[in-house]
Amino acid sequence: MKEQTEVGKLKEGKYLLVDDEPCKILSISVSKPGKHGAAKARLDVMGIFDGVKRSIVQPVSAKVYAPIVERRNAQVISIAGNVVQMMDLESFENFEVTVSDDVIDRIEAGKETMYIYSMEKRKIDFL
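Under my numbering, read the sequence shown as residues 4 to 130, first letter to last.
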């Protein structure tokens with residue numbers, strides 16, 4: 004799910020869709036309007052799920068899509084290698100998430116943890 008917004012209304016820490024990947028805005032710099040053009044905004048963003056840094060330049064009045072990012076709670080059911088099976092505590096839906104080696108040490112079976120859900124993707128979230 005996504006919603007349409009203007010580049011000029013975006014703020015640091017919010018989310019933006021770049022190449023169909025939900026990204027968190029790291030920094031915004033706005034240039035002044037010139038003699039023949041509108042003000043432009045340079046956005047430095049990082050993908051939530053892939054961790055790739057991206058940079059885009061758009062006019063301030065341009066329309067872009069912002070993904071709807073939700074933080075939800077889930078219970079860890081089992082851990083097998085780098086695959087964690089979890090159950091959402093609201094919908095009781097079971098799903099699997101692949102995690103990296105440094106995150107796997109912080110997860111225990113039977114415990115509750117937060118995860119990020121956006122654009123049909125999930126990632127375990129440690130604040």
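The beta-carbon is built from N, C-alpha and C at its ideal position, and this holds for glycine as well.
Helix, strand or coil at residue i [DSSP, three-state]
| i | result |
| --- | --- |
| Asp-104 | helix |
| Val-33 | strand |
| Lys-12 | helix |
| Lys-5 | strand |
| Met-49 | strand |
| Asp-23 | coil |
| Ser-58 | strand |
| Arg-125 | strand |
| Ile-71 | coil |
Inter-residue Cα distance where the pair is residue i and residue j
| i | j | result |
| --- | --- | --- |
| Gly-50 | Pro-25 | 6 Å |
| Lys-43 | Phe-98 | 41 Å |
| Asp-105 | Phe-129 | 12 Å |
| Val-72 | Gly-113 | 25 Å |
| Val-10 | Ser-64 | 6 Å |
| Gln-7 | Leu-92 | 30 Å |
| Ile-107 | Lys-12 | 37 Å |
Contact under 7 Å by Cβ, residue i with residue j
| i | j | result |
| --- | --- | --- |
| Pro-70 | Ser-121 | yes |
| Ala-77 | Tyr-118 | yes |
| Ile-68 | Lys-5 | Before going on, a small fix: residue 68 reads as Tyr here, not Ile. Against a cut-off of 7 Å, the Cβ pair of Lys-5 and Tyr-68 comes out as a contact. |
Which residues DSSP lists as bridging residue i, in chain order
| i | result |
| --- | --- |
| Ala-77 | Asp-91 and Thr-116 |
| Val-86 | Ala-83 and Thr-101 |
| Lys-66 | Glu-9 |
heavy atom of the ligand SAM below 6 Å from residue i C-beta
| i | result |
| --- | --- |
| Ala-42 | No copy of the ligand SAM appears in this structure; indeed no ligand is present at all. |
Nearest-angstrom beta carbon gap, residue j and residue i [assumed within contact, 8 Å]
| i | j | result |
| --- | --- | --- |
| Ala-102 | Ile-80 | According to the sequence as given, residue 102 is Val; it is not Ala. With a Cβ gap of about 14 Å, Val-102 and Ile-80 do not count as contacting. |
| Val-100 | Arg-125 | 5 Å |
| Val-48 | Ile-28 | 5 Å |
| Ile-31 | Leu-46 | 6 Å |
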